[in-house]
Amino acid sequence: MNTKADRRTPGFDQRREHWKHSHVPLLYDWMLSRKCPWPSACVQFGLGYDSRDTYTDRTLYLSERTGETGDANTLYVASARVANEHATRSADVTKKWSENVYRDPLPSSDFRIKKKIIHPGEVNRVRELREGVVVTHTDHPNLFVWDIERQPHRKDTSKGVESNVPDLTLVGHQANAEYAVESVEEGKIIASGGKDKLVLIWQMEDYETLLSSKNSHLLNRTILRGHSDTVEGLAFNPEDSRRLVSGGDDKCVFFWDTRKSAATGKINDAHQGDVNCVDWSHNGMYIASGGADQRIRIWDVRQLSQSSEVTSFADLREHTGQINEVQFQPCGNSSVLGSCAEDGQVLLWDIAQVESDSKSSTGGEIPSLLLFRHYGHQYAVSEFQWSTVPDDPWTIASVSEDEEGATLQIWRPLDLIYNSPVDAANILRSEGI
């Protein structure tokens with residue numbers, strides 16, 4: 001079997017160095033790149049942040065997957081110092097770039113681990129339910145809820161140490177539930193999908209009572225049946241928390257109303273293989289799905305009520321590896337979509353262009369929907385997330401599982417790239433250019 005290094009094309013290192021030193025100062029407002037000693041499958045911004053004149057300290061959740069080494073798998077909470085927009089000179093954009101975790105680590109002011117939690121199994125996904133409370137997915141049927149403040153910090157993560165005890169365990173799955181998990185209403189409603197082909201819903205209406213209760217297990221309230229294979233991705237409708245969408249290894253996308261036992265809609269053969277991820281746009285109009293077929297498809301939700309035959313209105317094929325994550329921008333333009341894949345890229349798209357350009361992307365020339373291409377990772381990008389701070393909607397965190405360890409990157413494209421030509425011209429004039 002080929003290693004990850006074998007799959008890189010000839011001349012990759014030279015092209016990447018050219019991109020880093022010649023393109024990054026022109027295309028990015030700011031970037032931090034940190035090498036991590038262990039692989040990480042997930043990265044999430046926390047709700048907590050501390051903003052100053054030139055920078056903002058952001059909370060991050062990451063994981064360490066130690067495999068069969070015997071060392072403890074960990075969930076850790078970090079603080080990353082993110083430069084505010086326009087606070088960095090172009091010549092300094094790559095100064096926060098660390099290639100080796102041991103030889104040239106970032107200063108503690110730029111990246112600091114605040115707490116380590118020894119996790120029972122590898123952390124595949126983490127979602128913050130409310131500030132300081134998270135839920136995790138691992139290779140197990142149960143989900144674990146952690147109150148970060150209550151959990152002890154574990155400095156010793158060597159072989160043989162016991163795991164932290166979760167504050168609450170969500171039970172109900174009959175087989176491993178590894179990736180599909182989302183929440184709404186400040187974490188009061190949690191949805192999960194798993195290998196048992198089910199979508200389960202938990203109600204967490206009173207956190208303090210639940211987390212301090214002697215009964216540390218909570219059974220799901222709702223079961224949604226319809227998938228014929230593993231459920232890989234979930235997303236709630238941002239405008240209606242009773243509605244959600246799911247995608248699975250049966251190639252299907254299902255639409256649900258939690259008040260009803262049967263699916264309210266279904267897209268058969270949404271992809272030519274597993275549906276790995278889905279997301280719902282924040283205006284409630286569009287669904288994005290990403291698949292093992294290396295494609296991203298955009299669906300108009302309004303068509304579901306009009307026809308049993310639903311076709312995607314955009315078919316995005318710029319990735320050359322299976323899609324691992326799709327996410328609409330949560331605090332900005334609801335037509336802007338991000339994606340990451342096994343090809344090591346994070347791509348940003350503007351699907352609003354579909355209305356002015358009826359042709360969908362078919363590869364070859366740079367498609368009109370493609371807004372930005374992030375080349376920072378050398379290996380498969382496991383996950384990315386948009387900033388959830390309204391004043392900073394274009395900052396992104398992404399993580400790749402490398403041949404050795406992982407690479408965390410936090411970055412922001414230059415505003416001239418995503419602004420309209422008129423706005424970009426005004427910015428240049430205001431800076432005397």
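Every letter in the sequence shown is one number past the one before it in full-length UniProt numbering, and letter 393, counting from 1, is 393. Don't be surprised by glycine CBs; every beta carbon is placed ideally from N, CA and C.
What are the boundary residues of the alpha helix (DSSP H) that includes residue i?
| i | result |
| --- | --- |
| D415 | 415-418 |
| L198 | That residue, L198, is in no alpha helix (DSSP H); its beta strand (DSSP E) goes 198-203. |
| L370 | Element bounds for L370: not the alpha helix (DSSP H) but the beta strand (DSSP E), 370-374. |
| L26 | 24-27 |
What residue does the beta strand (DSSP E) around residue i start on, and which one ends it?
| i | result |
| --- | --- |
| R16 | Note, R16: premise wrong, no beta strand (DSSP E); alpha helix (DSSP H) at 12-18. |
| P181 | Here residue 181 is Val; the residue named in the question, Pro, does not match the sequence. First-last of the beta strand (DSSP E) with V181: 181-184. |
| V278 | 275-280 |
| V133 | 133-137 |
| W299 | 296-300 |
| E64 | 55-64 |
| G193 | 189-193 |
| E128 | 125-130 |
| Q385 | 381-386 |
| residue 438 | The first residue shown for the chain is 1 and the last is 433, placing residue 438 beyond what the model contains. |
| E325 | 323-328 |
| R225 | 222-225 |
| V346 | 346-350 |
| D147 | 143-147 |
In its own chain, which residues sit with a C-beta less than 6 Å from the C-beta of residue i, not counting the 5 before and 5 after it?
| i | result |
| --- | --- |
| R297 | S289, S312, D315 |
| Y375 | W19 |
| D415 | none |
| V171 | N142, H217, L219 |
| K188 | M204, E205 |
| R34 | S98, L106, F111, L408 |
Can you tell me which residues form a DSSP beta bridge with residue i?
| i | result |
| --- | --- |
| K266 | F254 |
| M285 | Partner(s): none; M285 has no beta bridge. |
| K35 | T407 |
| L47 | Beta-bridge pairing links L47 to no other residue. |
| W394 | Looking at the DSSP assignment, W394 forms no beta bridge with any residue, so it has no partner. |
| Y76 | L62, K116 |
| H217 | T169 |
| S246 | L234, F254 |
| A41 | BP columns for A41 are empty, so no partner. |
| S400 | V381, T407 |
| residue 491 | The chain is shown only over 1 to 433; residue 491 falls outside these bounds and no answer can be derived. |
| A314 | I298 |
| R81 | D57 |
| D240 | N237 |
Count the other CB atoms, across all protein chains shown, that sit within 10 Å of the CB of residue i; report buried if there are 16 or more and exposed otherwise.
| i | result |
| --- | --- |
| I223 | exposed |
| K116 | buried |
| K214 | exposed |
| N124 | buried |
| R15 | exposed |
| S361 | Only weak support exists for where S361 lies, its pLDDT of 47 falling under 50; the value from the coordinates is given anyway. Result: buried. |
| N324 | buried |
| residue 446 | Here the chain covers residues 1 to 433 and nothing more, so residue 446 does not appear. |
| R221 | exposed |
| H319 | buried |
| K359 | Note on K359: pLDDT 46, under 50, position unreliable in the model; the coordinate value appears next. So K359 counts as exposed. |
| F12 | exposed |
| A191 | buried |
| L337 | buried |
| G291 | buried |
| P413 | buried |
| H173 | buried |
| L26 | exposed |
| S339 | buried |
| N283 | exposed |
| E149 | exposed |
| H119 | buried |
| E17 | exposed |
Please work out which residues of its chain come closer than 7 Å, Cβ to Cβ, to residue i, disregarding the five sequence neighbours upstream and downstream, and give them in chain order.
| i | result |
| --- | --- |
| R81 | Y55, D57, S109, D110 |
| G121 | N73, T138, D139, H140 |
| T209 | none |
| L168 | V145, L210, L211, S216, L218 |
| D249 | D229, T230, E232, D274 |
| D293 | H271, Q272, G273 |
| P330 | H282, W386, T388 |
| K114 | V77, A78, S79 |
| S334 | S281, H282, N283, F328 |
For residue i, collect the residues of the same chain with a Cβ closer than 8 Å to its Cβ; drop the 5 residues on either side in sequence, then sort them by chain order.
| i | result |
| --- | --- |
| V253 | V245, S246, G247, K266, I267, A270, V275, V278, I287, S289, W299 |
| N2 | For N2, the predicted structure reports a pLDDT of 36, less than 50, and the residue's modelled location is therefore unreliable. A value from the coordinates is still provided. Excluding residues within five positions, none has a Cβ falling inside 8 Å. |
| S420 | none |
| V135 | V126, R127, L129, L143, F144, V145, W146, L170, V181, S183, G187, I190 |
| A263 | L224, G226, F254, F255, W256 |
Touch test, the stretch 196-206 against the stretch 227-237, Cβ-Cβ under 8 Å, three pairs minimum: yes
The stretch 131-145 in contact with the stretch 88-103 per 3-pair CB rule at 8 Å: no
Segment contact, 8 Å Cβ cut-off, at least three pairs: the stretch 339-347 with the stretch 371-389: yes
Sufficient close CB pairs (3 or more, under 8 Å) joining the stretch 160-167 to the stretch 176-183: no
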